[in-house]
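Trainee: This structure is in structure tokens; I'll ask about it shortly.
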Amino acid sequence: MNRSELVAAVAEKTGNSQVAVNGVLDAVFEVFVSQISQGEKVSIPGWLAVERTDRAARTGRNPQTGATIQIPAGHSVKLTAGSKLKAAVAK
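Numbering of the sequence shown is given in my numbering, commencing with residue 61 and proceeding in unit increments.
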């Protein structure tokens with residue numbers, strides 16, 4: 061399911077317009093981005109949790125040349141499924 065299909069499904073289920081649902085979805089993603097980029101965890105109990113994780117600097121290899129390279133420290137995003145989502149998938 062892509063974004064437009066998701067918007068259409070939610071609009072049909074809630075009786076709201078696709079424009080309204082799309083606006084809400086945009087706002088949700090804006091809040092996710094702002095909170096996670098600040099290092100805050102966003103949690104929807106039972107459904108999912110999203111948090112920023114830190115990656116340590118490490119040594120890697122260029123697969124074409126075999127040369128050793130330094131990979132700098134950085135950040136990643138971790139998604140954790142909640143109990144309701146896990147139970148729905150397990151059925």
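Beta carbons: idealized from backbone N, C-alpha and C, even for Gly.
In this text, all values refer to a predicted model and were calculated from it rather than measured experimentally.
So if DSSP puts residue 111 in a beta bridge, which residue, or which two residues, is it bridged to?
Mentor: DSSP output for residue 111 lists 138 as bridge partner(s).
Trainee: What does a CB cutoff of less than 8 Å around residue 78 pick up in its chain, not counting 5 residues either side in sequence?
Mentor: Counting only Cβ-Cβ distances below 8 Å, and skipping sequence neighbours, we find 67, 68, 71.
Trainee: Is residue 81 buried or exposed, if buried means 16 or more other CB atoms sit within 10 Å of its CB?
Mentor: Buried, by the Cβ-count rule.
Trainee: Taking 7 Å as the cut-off, does the CB of residue 109 come closer than this to any heavy atom belonging to the ligand GDP?
Mentor: As for the ligand GDP, it is missing from this structure, which has no ligand bound.
Trainee: Let's see if you can read the secondary structure: which residues bound the beta strand (DSSP E) around residue 120?
Mentor: It spans 118–121 - the beta strand (DSSP E) in which residue 120 sits, taken as one unbroken run.
Trainee: Less than 6 Å between C-beta atoms, sequence neighbours within five positions excluded: which residues of the same chain meet that for residue 117?
Mentor: Hits under 6 Å: 132, 133.
Trainee: Residue 124 by DSSP, collapsed to three states: which one?
Mentor: Looking at residue 124 - three-state DSSP - the assignment turns out to be coil, as it is neither helix nor strand.
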